[in-house]
Amino acid sequence: MKILMVCLGNICRSPLAEGIMRSKLPGDFIVDSAGTIDMHQGSNPDKRSVKTASKYGIDISRQTSRPITTKDLDDYDKIYCMDLSNFKNVISMAQNEEQRSKISLLMEAAGLNHASGEVPDPYWDEIDGFEKVYHQLDEACDRIAKKLLIQKSTINN
Ligand code: 4NP
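Counting in this note's numbering, the sequence shown runs from 1148 upward without gaps.
Put into C-alpha cells, the structure is as follows:
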C-alpha cells in the first residue's frame, strides 16, 4: 500500500502528515508527500514543522520537497490532500476514474469535519499554528491508519 500526502508547498503540512502517518503504520506501507507547486523543490521542511514533529518524537528533517507528478496518480494507492484547493488541483491532474478514485481530502477520509474538512495552511502563522495542525493531522492519521490496517488484515485472512 502506497500513500501520498499532498499540500501546496510540501514544506509545512504534508511533510508532517508523512512523518505522522509513517509512525503509525508498519514498514510495508510506503508513505511519501508532495506539493502542488514546485517552488520549494529540494528544500527540507519548514523549521517550524521539523521542530513540532521533533517535540513528538518524529524526525522529518531529512525529507525534501517535490511537486506531485501525473505518474504519482498511478504509483500511489491513496492520495490524501490537505485542503480543498490542493484537492481540486490534484483532481484536475487525473486522467481516468481509477486515478480520481484514489484522491480524497484527508479530513474527509478520516471521517472528521474540523475546520470544514480542511487542514489549514500554517505557513503565515506562528509556531502555535503548527502545533494545532500537528494535532489535527495526528487525529486524522490515527483514524485512517486504523482503517487501512483493518482493510489489510481482512484482505490477508
Ligand atoms: P504547505 O505550506 O502547503 O503546508 O507546505 C505552504 C508553504 C509555502 C507556501 C505556502 C504554503 N508558499 O506560499 O510559499
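For every residue, glycine included, the Cβ atom is placed at its ideal position computed from N, Cα and C.
Asked	Found
Residue 1213 Cβ short of 7 Å to the ligand 4NP heavy atom set	no
Delimiting residues of the beta strand (DSSP E) encompassing residue 1227	1225–1228
Coarse secondary structure for residue 1237, derived from DSSP in three states	helix
Rounded distance between the beta-carbons of residue 1259 and residue 1241, thought under 8 Å	Not quite, the Cβ-Cβ distance comes to about 24 Å (not below 8 Å), so this is no contact.
Burial state of residue 1298 (16 or more Cβ within 10 Å)	exposed
Residue from 1272, 1291, 1226, 1157 whose Cα sits closest to the Cα of residue 1214	1157
Residue 1152, enclosing beta strand (DSSP E) - first and last residue	1149–1154
Exposure of residue 1187, with buried meaning 16 or more beta-carbon neighbours within 10 Å	buried
Extent of the continuous beta strand (DSSP E) to which residue 1178 belongs	1177–1182
CB-CB length for residue 1154 against residue 1189, believed under 8 Å	At roughly 16 Å, the Cβ-Cβ gap does not stay under 8 Å, so residue 1154 and residue 1189 are not in contact.
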